[in-house]
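Chains W and S supply the protein sequences, listed in that same order.
Using my numbering, you'd call the opening residue of the first sequence number 240 and step up by one each time.
Using my numbering, you'd call the opening residue of the second sequence number 27 and step up by one each time.
Just so you know, even glycine gets a beta-carbon here, dropped at the ideal spot from N, CA and C.
In this text, all values refer to a predicted model and were calculated from it rather than measured experimentally.
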Amino acid sequence: MRILGKTTIDKEFEEIYFSEFLAVTGGIIGGTLLLGLTESFNLIAGLFILFPGLLEMHGNIYGSLSARLSNLLLLGKLKKKEEISYFIKENVLASFFLLFFVSFVLGLISYLFVYFFLGTSNPVLILISLFSSILSSFIEIPMTIYTTFWIFKHKLDPEDIMGPYVTTFGDIISILSLVIITGVLA
Amino acid sequence: MKADKIIKESLKVLIVGSLLSSIGGLGLESVKDKFAMFLPLMIILPAMASMIGNAGIVLVSKITTFLALGKIRHDNLNNRLVRKLFFQLTFVFILTAIYATFLSIFVGMSKGFIFSWDFTLKMIFVVLATTLFIVFLVFCVALIGGRYAYKKKIDPDDLLIPITTSVADLGSFILFALLIFLVF
Numbered sequence: 240m241r242i243l244g245k246t247t248i249d250k251e252f253e254e255i256y257f258s259e260f261l262a263v264t265g266g267i268i269g270g271t272l273l274l275g276l277t278e279s280f281n282l283i284a285g286l287f288i289l290f291p292g293l294l295e296m297h298g299n300i301y302g303s304l305s306a307r308l309s310n311l312l313l314l315g316k317l318k319k320k321e322e323i324s325y326f327i328k329e330n331v332l333a334s335f336f337l338l339f340f341v342s343f344v345l346g347l348i349s350y351l352f353v354y355f356f357l358g359t360s361n362p363v364l365i366l367i368s369l370f371s372s373i374l375s376s377f378i379e380i381p382m383t384i385y386t387t388f389w390i391f392k393h394k395l396d397p398e399d400i401m402g403p404y405v406t407t408f409g410d411i412i413s414i415l416s417l418v419i420i421t422g423v424l425a
Numbered sequence: 027m028k029a030d031k032i033i034k035e036s037l038k039v040l041i042v043g044s045l046l047s048s049i050g051g052l053g054l055e056s057v058k059d060k061f062a063m064f065l066p067l068m069i070i071l072p073a074m075a076s077m078i079g080n081a082g083i084v085l086v087s088k089i090t091t092f093l094a095l096g097k098i099r100h101d102n103l104n105n106r107l108v109r110k111l112f113f114q115l116t117f118v119f120i121l122t123a124i125y126a127t128f129l130s131i132f133v134g135m136s137k138g139f140i141f142s143w144d145f146t147l148k149m150i151f152v153v154l155a156t157t158l159f160i161v162f163l164v165f166c167v168a169l170i171g172g173r174y175a176y177k178k179k180i181d182p183d184d185l186l187i188p189i190t191t192s193v194a195d196l197g198s199f200i201l202f203a204l205l206i207f208l209v210f
């Protein structure tokens, strides 16, 4: 198929399109889960402020993790067992610290926005941000690392697939964690 | 790469990213009544966030690898490979935006939302406009940031993905909220 005079349908296009298609489907599943929070969105002022940042932060941390791993795999710099276990140890440590710290900051920012712009004090936002991130990380960190290796072993390009995978899978797990933690704390 | 180096490179940019995304979220908070009224708009929200993240991650990963393999030069990013990537992403995102709109309306109907062509056409317009804006914004930020990261010898995966997606989040959610406010 030619678009604007360029041949665009190739393996790369197929990989991006297929993973994007799955990502959006996953996003809609996440959106359906999000309907479970409709009442909480009205009850807890500021959940909409927290929500994009929370999804964004997960996507960024796990996206960077899989991108680092993909780069090293594609450049052939991760072959020995010691290299792999060193990579995993350092990256899991970094990802968990970043997640913990940034989710606290994100909760604090949301709290301050609600306080100054909506005139409501809602400290539960900080707890929701923190605990939902910790809950989801127990699934998301191992799955991100395992899936990147699996995709590379099956001769697919993790750079085309992992981005959408991380954001989709991450979104579903994050929203589910958000629904659970909001249900517990609200 | 050691954990402390990853943290050092990522922390500031993630905090700035959280701040920018929260400003985008402030836009969504201001139209939250519309989300409760029109369920498909709420259902499509994570898919929109996902598209923003995907565009950033795919693009930054690709540009990083192209730079590392010497397929593109940091002082000349306007080449065939980059242009091809732009057209591919635009085409993919237009198709997925239309698909996401219909799917979210369908799911919304199963949850009690009443279908109308008027709403469908308005939603397609809002989602497509936001999607095209996402692709354009992500490309600009990724290319400018890619060159900066390469010159400063910073790992673009740690710097660029959060920056790209955060700026796109901010711009896209504000535009999305604004269009919802104006159209519905």
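Chain W within 8 Å of residue i, Cβ atoms only
i, result
"V133/S", "yes"
"G197/S", "no"
"T122/S", "yes"
"L204/S", "no"
"S142/S", "no"
"G79/S", "yes"
"K58/S", "yes"
"A126/S", "yes"
"L65/S", "yes"
"G43/S", "yes"
"A29/S", "yes"
"T146/S", "no"
Through-space distance from residue j to residue i, alpha-carbon basis
i, j, result
"L201/S", "S192/S", "14 Å"
"G96/S", "I373/W", "39 Å"
"K34/S", "D181/S", "11 Å"
"L308/W", "K177/S", "22 Å"
"G265/W", "V405/W", "11 Å"
"A333/W", "D30/S", "7 Å"
"I400/W", "G358/W", "43 Å"
"I69/S", "K320/W", "43 Å"
"L154/S", "R106/S", "26 Å"
"I420/W", "S413/W", "10 Å"
"L52/S", "G285/W", "8 Å"
"L103/S", "T91/S", "13 Å"
"V136/S", "K28/S", "Sequence check: residue 136/S is Ser here, not Val. Roughly 49 Å between the two C-alpha positions."
"I160/S", "H297/W", "19 Å"
"V118/S", "K250/W", "13 Å"
"L317/W", "F287/W", "40 Å"
"F252/W", "G275/W", "35 Å"
"V108/S", "S324/W", "34 Å"
"V341/W", "S44/S", "8 Å"
"F408/W", "S376/W", "12 Å"
"K328/W", "I300/W", "15 Å"
"I124/S", "L338/W", "33 Å"
"A139/S", "F145/S", "Checking the displayed sequence, the identity of residue 139/S turns out to be Phe instead of Ala. F139/S and F145/S: Cα-Cα distance of roughly 11 Å."
"H100/S", "L314/W", "19 Å"
"E278/W", "T383/W", "32 Å"
"I189/S", "I89/S", "15 Å"
"R173/S", "V86/S", "11 Å"
Residue range of the unbroken alpha helix (DSSP H) whose run includes residue i
i, result
"Y404/W", "397-424"
"D144/S", "143-178"
"L67/S", "65-69"
"V263/W", "250-273"
"V108/S", "106-136"
"V363/W", "363-392"
"N310/W", "286-313"
"V344/W", "320-352"
"I11/S", "Shown here, chain S extends from 27 to 210; a query on residue 11/S therefore has no answer."
"D30/S", "29-56"
"F280/W", "277-282"
Pair within 8 Å by beta-carbon distance, residue i and residue j
i, j, result
"S349/W", "L369/W", "no"
"T271/W", "V133/S", "yes"
"I206/S", "V57/S", "yes"
"I259/W", "P397/W", "A small correction: the amino acid at residue 259/W is Glu; Ile does not occupy that position in the sequence shown. Taking 8 Å as the Cβ cut-off, E259/W and P397/W do not qualify as a contacting pair."
"A126/S", "A73/S", "yes"
"A194/S", "I120/S", "no"
"A94/S", "V164/S", "no"
"L129/S", "I267/W", "yes"
"F210/S", "F64/S", "yes"
"D410/W", "A203/S", "no"
"I255/W", "V84/S", "yes"
"V438/W", "I380/W", "A query on residue 438/W cannot be resolved here, the shown segment of chain W reaching from 240 to 425 and no further."
"L67/S", "L273/W", "no"
Beta carbon proximity, residue i to chain S, threshold 8 Å
i, result
"M382/W", "no"
"G358/W", "no"
"E253/W", "no"
"A425/W", "no"
"Y256/W", "yes"
"E321/W", "no"
"L282/W", "no"
"G266/W", "yes"
"S371/W", "no"
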